[in-house]
Structure formats: C-alpha cells, structure tokens
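Read through the structure below, which is laid out as structure tokens, and then see the notes.
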Amino acid sequence: MSLSETGGQPAANALVPPAAGDAGMLVRSRGVTKRFGGLVAVNAVDFDIPRGAIVSLIGPNGAGKTTFFNMITGFYTPTSGSIEFDGNPIVVKRRNRIKSLRPHEVAALGIGRTFQNIRLFGTMTALDNVRLGANVHLKSHWWDAALRTPGMLREEAENREASMELLRLVNLEDRAHAWARSLPYGDQRRLEIARALATRPKLLLLDEPTAGMNASETRDLTDFIRRLRSELNLTILLIEHDMRVVMGISDRVTVLDYGQVIAEGTPVDVRRNPKVIEAYLGRGATDT
Amino acid sequence: MTTVTVKDQDPYGHGIGGWLSHVGAVLADLPTTYRRELTLHRRRTISLTVLVILLVTYPILNSAFLAGFSRTVFPLPLPDDTVVTFMMIFGIMAIGLNIVAGFAGLLDLGYVAFYALGAYTAAFLASSHWGSISIVFLANVAPGFPGIHLPFWIIVPVAILVAGTFGALLGAPTLRLRGDYLAIVTLGFGEIVPVVFRNLADVTFNFSLGPINIAAQHLNLTGGSLGINPIDAPFLPFADITFNASAGYAPVYLGMFLLVIAILFARNLERSRIGRAWMAIREDELAAEMMGVNTIRTKLLAFALGASFAGVAGSLQASYLGATTSDFFTFSTSILVLIMVILGGIGNIWGVLLGAVALTYVDKTFLPYIGQQVQQIAPSFPNPAQFNFLLFGVILVAMMRFRPEGFLPNRQRAAELAGAHTQAEVEAKVDEIVAVDAEAEVEAAIEADPIAALENLGPPPGQAEASGDARAAETIDEAKDL
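Written out as structure tokens, the structure reads:
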C-alpha cells in the first residue's frame with residue numbers, strides 16, 4: 003500500500019474540525035501525577051501541546067507515556083494535577099476529590115486515539131468500525147432506530163458516506179465489508195486511524211503507530227500523518243519508539259523518564275540533550 | 004435492502020409524514036424486492052416463501068384437517084394451538100434475550116423476572132384482583148364490574164414500560180460487572196422477583212415519617228402462591244374476537260402479530276448506531292468507550308429494551324392463559340430461554356427464533372407425546388416428559404461439541420468460535436456455512452431450466468473465482484442488510 007498515492011483524493015471536508023482560532027495551546031497539563039500504589043508512573047508532568055503541532059512523547063519502556071495518554075483520554079484519573087483540552091477541563095476538582103471526564107465525554111470533546119496493541123472491533127466490518135467512531139456525533143435515539151424514522155435514515159446514510167470517505171482516505175475502501183480482524187496488520191493500523199478520525203478529533207493520539215511495520219510502511223505512514231495534519235487541521239500527539247519517525251516528523255519532542263519530563267524541545271535540541279542521550283537515546287543519537 | 008431503494012429516490016422526508024411515506028415506499032417496493040430476491044436466490048426465496056406460507060396457515064390447516072391426527076397418527080406429533088401460541092411467546096422472549104446476551108454480550112440469567120413483571124402487569128390491570136374498586140375502560144366486561152379492567156392493547160405498552168424500567172434498574176448495579184459476576188447478579192434478580200410476587204399476599208405495615216403515615220392491614224397485593232385469576236383475555240372489539248385458550252387459533256395470530264413487530268424492532272435496532280454500539284461493547288468495551296460510546300447508557304438500554312420484550316411476552320401469556328402464579332416464573336424458564344438463544348444461534352434473530360420454536364415443540368409436544376407412549380407400554384417407567392431439562396442439557400453439550408455457533412449462526416460469532424483469523428479462513432467458514440445452500444441452488448437451477456443451467460456451469464476458472472468473490476461480497480452485504 004502507499005498512502006502517498008491517495009494524494010489526489012479530495013480530503014474529507016466534512017471531517018475537518020472547526021478551524022483552530024488562536025494559535026494557543028490545545029492541551030495544557032500542569033503537575034499531572036499518577037500513582038499506582040507505591041509506584042509513581044507519572045510525576046508532576048507539565049506538558050503543553052500547541053495547536054496544529056505534531057508532538058512526540060518518547061522515553062524508555064515504563065517511562066509513563068501510555069499512562070499519560072490514558073489520563074488525557076479519561077481512562078485513568080490523575081492522582082493530582084490538572085489537564086485542560088481546548089479550554090475544557092478534563093480533570094476537575096470536586097470537594098477535594100479529583101474527577102476525570104469519562105472517556106466517551108473526552109472523545110466527544112475531540113480527542114481520538116489509537117492503541118499500542120490494536121483494539122479494533124474484530125468481528126465488525128471495517129466500515130462498521132469506522133461508523134462506530136462517528137457514534138458520538140449521531141443524534142438519533144433508539145426509538146428512531148426501532149422505527150427507522152426519516153431523520154435516522156438520513157443520518158445513517160450520511161454517516162455511511164462519510165465513513166466510506168475515511169476508508170478511501172486510508173486506502174481501505176475495497177475492504178469495507180471485510181471483518182477488521184481479517185485484515186493484514188498494516189491495514190488494521192490504518193483502519194484504527196480511520197476509526198479515530200471518524201470521531202472528528204481536534205487532537206489525534208497515536209500510540210506507537212509504526213510498531214511492527216517495515217521501513218517502507220513506516221515511511222508511508224509518516225507521510226500520511228503529515229497529510230493528516232495539513233489536510234484535516236489536526237494536532238497530533240505521538241508515542242513512538244522509532245527515532246527516525248520521531249525526528250523526522252515532530253515539531254516538538256518531550257522525553258519522559260521514570261515518569262518525569264527530562265527534556266523538551268525541537269527534535270534537534272532533544273537529540274543533543276545529554277540527559278536524553280544518557281537516559282534513552284544514547285546510541286541512536288550518535289548513529290543518525 | 005429496502006433502504007437502498009429508498010435512498011435512490013432520496014426523499015427521506017420529515018416527521019411522521021416522512022416516516023409514513025417511507026414505510027409506504029418500503030411496502031410498495033415489496034413486490035420488486037421479492038422479484039429481485041427471486042432472481043438472485045431463486046431456491047432460497049422459494050423455500051422461504053413456502054415455509055412462511057406453511058407457518059402462517061398452519062394453525063388454520065391444523066384446526067381444519069390435522070387436529071384429529073395431531074397426537075396419534077404422525078410419527079412426530081404436530082403442535083396444537085396452545086403450543087404454537089407458546090412458540091410465539093417464547094419467540095418474543097428469545098428475541099429480547101438475544102438483544103442483551105447476543106448483541107450486547109451481557110449474560111442475563113434472570114430474564115424470567117421481566118416475563119413475570121409483564122404477566123403481573125396484565126394481572127393487575129385486567130382482572131378482578133382489586134375487587135374494592137371498579138375501573139372499566141374499553142374492556143369486554145360490564146361497567147361497574149369489580150376490579151381494574153383495561154384492554155390488552157393498553158396493557159402491552161404498560162408492560163413494556165414496567166419491564167423496561169425494571170430492566171434498567173437491574174442493569175444499573177451490574178454495569179461494572181462482567182462475565183460470571185454479571186451472571187450471578189442477574190440470577191439473583193430472576194429469583195427475587197417471583198419470590199416477591201409469591202410473598203406479597205399478606206402485607207401489614209405501618210410507616211410513619213413526620214406527618215405522613217401509611218399503613219395497611221393484611222393487604223393482598225399479588226395473590227400469593229395462588230396467583231391472580233381470572234385475567235381478562237385480549238379482546239378485539241369490532242371483530243368481536245376473544246383471544247383465550249378456548250378460541251382456537253385466534254391467539255396464535257395475536258402472538259404472531261406481536262412476534263413480527265418484535266422481529267422488526269430487533270432487526271432495526273441491530274442495524275442502527277445502537278446495534279453497532281452494542282456489538283462494539285461486546286467486542287471490546289474499553290475501546291468502545293474511547294471511541295465515544297457511552298457504555299453505561301448503551302448497556303442500560305440493552306437491558307431495558309431486552310426486558311421490554313419479555314414484558315410483552317409475559318402480558319400475552321397471562322392474558323392468554325387467563326391466570327398467573329409465581330410458579331410459572333422459575334429459574335428453569337430463564338435457562339430455557341437462554342438455551343433457545345444458544346441453540347438457535349446467539350446473535351442471529353432468525354436463529355434464536357428457530358431455537359424458540361424447536362425447544363417449545365420438544366418441551367410441550369414431543370416429550371409429552373413420547374411420555375404418553377412410554378406410559379402405555381410401561382406404566383411403571385418414569386415419564387420421559389419429566390426429563391426435559393436432562394434432554395436439553397444433553398442437546399446443549401452435544402451442540403457445544405459439534406456446532407457451538409448454533410443452528411443458524413450469526414456469522415460473526417461463528418467465525419469467532421471457529422477461530423478464524425484471516426479473511427480467507429473467514430470466507431472459507433462462511434462458504435462452508437452457505438455451501439449447502441449453494442449446492443441446492445445449482446440443483447434447483449438445473450431442475451428449473453436444464454439447458455440454461457448447463458450453459459452457466461463450468462465457466463473459465465478466473466471467472467469462477469470472480470463470481471465466487473462477488474458471491475462472498477454479496478453474502479456479506481446481505482448479512483449487513485438483513
């Protein structure tokens with residue numbers, strides 16, 4: 003497959019979120035800490051994501067990257083700290099207790115994500131996987147569904163159309179009726195992205211999107227991520243182990259180690275940072 | 004498939020007018036749809052048509068020609084009107100349980116509770132149980148007759164509401180539970196409800212809260228272990244038909260009417276965003292929630308909607324039999340419905356319907372008949388009809404060994420159970436399932452038009468493959484549209 007081949011396809015205009023107004027920060031997190039019993043997985047992390055940027059979160063295994071992801075998406079509630087997304091608090095304090103929005107509420111605010119180990123709905127078709135992603139934007143109720151009211155039929159038809167558009171975007175339109183689990187690995191990765199895009203996110207979280215891909219697939223995916231940013235006005239947060247991807251694609255890189263931010267800045271700065279080299283990059287930095 | 008035709012013409016319209024015109028268009032398109040199906044899947048369409056006609060006319064044929072023979076002459080006894088009515092009732096229940104257990108993947112072992120709630124709703128609203136008051140509204144009893152007497156047509160929606168509400172109430176505490184734990188909690192609820200109905204026959208209490216005082220002396224709320232009877236039978240005013248046990252095949256058609264509505268509702272729900280959300284939760288609850296599915300609401304909806312089907316079934320059963328006691332609503336009924344769903348093919352509406360019909364037949368016609376025969380030959384031998392659950396258990400074990408996906412499997416579940424991981428495996432599995440049909444189709448084609456069929460046979464290999472692919476795609480499309 004080659005994602006760059008789809009370059010001529012019109013972008014799914016209906017899927018572009020309202021243009022980012024000010025060039026401020028889309029995500030603003032302050033002092034975010036997560037403890038699991040005695041283990042401090044994430045420790046007092048301040049982390050901002052500028053609108054329209056591609057930001058990478060890197061760090062050795064167990065550094066707290068996925069834990070941080072899970073707090074942005076509302077799956078974990080931080081032990082302390084605050085996270086704000088697009089002006090909306092994701093973590094709120096109520097009577098001295100910290101409460102997080104529930105994941106589906108966060109999704110409705112405009113955060114879409116993929117998973118480190120692919121979590122598609124295996125025995126639903128590729129098309130239905132994507133259609134499910136748009137669930138949060140569908141208004142019809144169960145009685146509309148039971149009676150097949152005109153509004154529901156129109157909405158379903160539109161949703162189907164938009165979902166096919168997304169499948170075209172990731173080059174999977176001819177697999178629309180295949181079950182997600184029956185797709186090859188690379189296709190599954192792209193289907194997951196399409197599903198995340200169907201939630202019409204402002205922020206797309208990609209958890210190791212190139213894991214298990216060969217060099218050319220990785221290159222294609224990198225191009226594709228860039229296209230997403232430019233064509234869909236997305237802000238992208240990436241967890242990635244492949245340093246070529248990270249260095250090639252990111253506007254900013256944040257390095258976590260033992261739950262703490264040890265470096266932050268442009269790829270070039272981070273690459274030169276001795277703390278980073280010591281903690282993690284080491285050989286990778288000198289090689290490239 | 005009907006939506007496609009409507010979409011081509013586009014006008015979805017608005018409001019009730021739009022809905023009516025849509026329904027009208029679907030109905031108007033039925034002949035075209037049928038003709039298309041006839042050309043596309045000739046054999047299947049014809050056999051389905053014959054099957055539907057046989058099923059729909061069976062009660063009439065039965066009363067006209069077969070009744071005298073039904074239990075004696077045939078090697079397999081034919082079900083009588085009562086049994087067929089119960090097939091409809093259990094069909095509605097199986098479809099409802101399929102929403103909870105099949106679509107949303109929530110194992111519910113207390114489903115009988117909602118059946119009981121539906122039955123007691125009918126008992127409370129259409130009997131002389133509340134003898135000290137008299138409310139008669141559009142019912143087939145004289146004005147001033149003691150008790151509340153509402154027509155069946157009002158009781159059904161009320162039963163839906165009651166069962167649905169309790170479905171949500173049961174669902175609420177189980178939302179964070181999965182698998183075994185969920186099964187145990189629902190099991191408890193299924194036990195509690197009939198026991199409550201049995202024990203609320205003599206209620207004495209005195210409750211004070213500030214200026215409020217509520218007290219009762221020996222209040223008979225539920226009729227205790229005797230239950231409530233008689234309950235008014237459903238009554239159709241203008242045609243003057245009473246749908247009770249002595250009305251011949253009339254109740255069968257009432258049940259069929261409700262069953263058809265149940266099928267339509269369940270199918271429509273399955274093919275909507277709600278249905279997709281249920282399946283997503285079944286597949287991966289966490290991922291579903293991350294993709295914006297409100298899992299709590301969606302699961303509650305599954306419980307409530309699934310329960311409401313049992314409410315309909317319960318109110319029909321009580322009104323039809325004219326009596327209800329808590330003995331009807333035992334744990335074994337929950338299990339029976341669950342076996343229907345699993346045997347028939349969990350997740351597939353037609354499968355669970357088949358399961359309901361087959362098991363009701365075995366339970367209420369076949370086994371009693373065998374029992375009779377055995378009793379005649381060997382009176383001291385225990386009656387096999389008492390071993391129905393032993394038999395169901397054996398059938399279930401055999402099914403799990405030889406065809407775990409059920410008689411008419413849901414394709415997704417079938418593939419899951421067969422452990423198919425690649426598209427090729429999935430298609431092979433689907434092919435295997437439809438292979439019998441395909442062979443039969445070719446045979447039918449040869450039968451119908453030998454020359455044309457022979458010309459069509461044996462195309463070049465590439466073409467064969469292409470048509471095979473098209474067929475597979477078609478099958479999958481069909482599965483979507485159905």
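If you read the sequences in order, they're chains A and B. Start counting at 1 in the first sequence, then tack on 2, and there's your number in this note's numbering. Start counting at 1 in the second sequence, then tack on 3, and there's your number in this note's numbering. Note that CB positions come from ideal geometry on N, CA and C, so glycine has one too.
Simplified DSSP state of residue i, which is helix, strand or coil
| i | result |
| --- | --- |
| Arg273(A) | helix |
| Ile22(B) | In the sequence under discussion, the amino acid at residue 22(B) is Trp, which differs from the Ile named in the question. Looking at Trp22(B) - three-state DSSP - the assignment turns out to be helix. |
| Leu240(A) | strand |
| His297(A) | Since the displayed chain A opens at 3 and closes at 290, residue 297(A) lies outside it and no answer follows. |
| Ala171(B) | helix |
| His17(B) | coil |
| Asp330(B) | helix |
| Asp48(A) | strand |
| Pro91(A) | strand |
| Lys141(A) | coil |
| Arg46(B) | helix |
| Val42(A) | strand |
| Gly213(B) | coil |
| Ile299(B) | helix |
| Ile100(A) | strand |
| Val491(B) | Nothing can be reported for residue 491(B), as the shown portion of chain B is limited to 4 through 485. |
| Leu190(B) | helix |
| Met166(A) | helix |
| Trp353(B) | helix |
| Ile338(B) | helix |
| Thr79(A) | coil |
| Phe117(A) | coil |
| Ser249(B) | coil |
Chain A within 8 Å of residue i, Cβ atoms only
| i | result |
| --- | --- |
| Arg279(B) | yes |
| Tyr15(B) | yes |
| Asn513(B) | There is simply no residue 513(B) to check, as chain B begins at 4 and stops at 485 in what is shown. |
| Gly21(B) | yes |
| Leu178(B) | no |
| Glu25(B) | The sequence shown places His at residue 25(B), not Glu. Yes, contact with chain A. |
| Leu308(B) | yes |
When the options are compared against residue i, the one with the closest alpha-carbon
| i | options | result |
| --- | --- | --- |
| Phe117(B) | Val360(B), Phe331(B), Asn143(B) | Phe331(B) |
| Thr81(A) | Glu233(A), Ala43(A), Lys36(A) | Lys36(A) |
| His106(A) | Val199(B), Ala171(B), Arg300(B) | Arg300(B) |
| Thr333(B) | Val159(B), Ile19(B), Arg47(B), Val198(B) | Val198(B) |
| Leu239(A) | Val278(A), Pro91(A), Asn131(A), Ser58(A) | Ser58(A) |
| Asn391(B) | Ile338(B), Val355(B), Leu357(B) | Ile338(B) |
| Phe106(B) | Gly191(B), Glu408(B), Ile277(B), Leu54(B) | Ile277(B) |
| Val247(A) | Leu230(A), Pro211(A), Ser232(A) | Pro211(A) |
| Leu272(B) | Thr220(A), Thr69(A), Ala147(A) | Ala147(A) |
| Pro154(B) | Val365(B), Val144(B), Ile163(B) | Val144(B) |
| Ile349(B) | Gln379(B), Leu110(B), Gly230(B) | Leu110(B) |
| Gly314(B) | Thr328(B), Gln378(B), Val115(B) | Val115(B) |
| Val59(B) | Asp235(B), Thr36(B), Val263(B), Leu172(B) | Val263(B) |
| Leu257(B) | Ile215(B), Ser275(B), Leu319(B), Ala310(B) | Leu319(B) |
Beta carbon proximity, residue i to chain B, threshold 8 Å
| i | result |
| --- | --- |
| Asp130(A) | yes |
| His243(A) | no |
| Met166(A) | no |
| Pro52(A) | no |
| Met73(A) | no |
| Phe77(A) | yes |
| Phe117(A) | yes |
| Pro269(A) | no |
| Thr125(A) | yes |
| Val18(A) | Confidence is the limiting factor: at Val18(A) the pLDDT is only 42, short of 50, which leaves the residue's position unreliable and the question unanswerable from this model. |
| Arg170(A) | no |
| Gly23(A) | Because Gly23(A) carries a pLDDT of 43, less than 50, the predicted location of this residue cannot be relied on, and no value is offered for it. |
| Leu155(A) | yes |
Any non-hydrogen atom of the ligand GTP closer than 7 Å to residue i Cβ
| i | result |
| --- | --- |
| Thr336(B) | The model on display carries no ligand, and the ligand GTP is accordingly not part of it. |
Min CB distance residue i to chain C below 8 Å
| i | result |
| --- | --- |
| Leu304(B) | No chain C is part of this structure, whose protein chains are labelled A and B. |
- Query: What are the residues of the region 137–153 of chain A that lie near chain B, defined by any Cβ-Cβ distance shorter than 9 Å?
  - Reply: Asn137, Val138, His139, Leu140, Ser142, His143, Trp144, Asp146, Ala147, Ala148, Leu149, Arg150, Thr151, Pro152, Gly153
- Query: What residues from the region 251–276 of chain B come within 7 Å of chain A, judged by C-beta to C-beta, listed N to C?
  - Reply: Hits within the stretch, in order: Phe268, Asn271, Leu272, Ser275, Arg276.
- Task: Using a Cβ-Cβ cut-off of less than 8 Å, list which residues of the region 279–293 of chain B approach chain A; keep chain order.
- Result: Arg279, Ala280, Met282, Ala283, Glu286, Asp287, Leu289, Ala290, Ala291, Glu292, Met293
- Query: What residues in the region 188–203 of chain A bring their beta carbon closer than 7 Å to a beta carbon of chain B?
  - Reply: Arg197, Thr201
- Could you run through the region 28–45 of chain A and flag, in chain order, every residue whose CB is less than 9 Å away from some CB of chain B? none
- In the region 173–220 of chain A, which residue ranges form an unbroken alpha helix (DSSP H) of at least 4 residues, counting only runs that do not cross its ends? 187–200
- Task: Entirely within the region 121–156 of chain B and at least 3 residues each: give me those beta strand (DSSP E) ranges in chain order.
- Result: Within the region 121–156 of chain B, the complete beta strand (DSSP E) runs of at least 3 residues are 137–139, 150–152.
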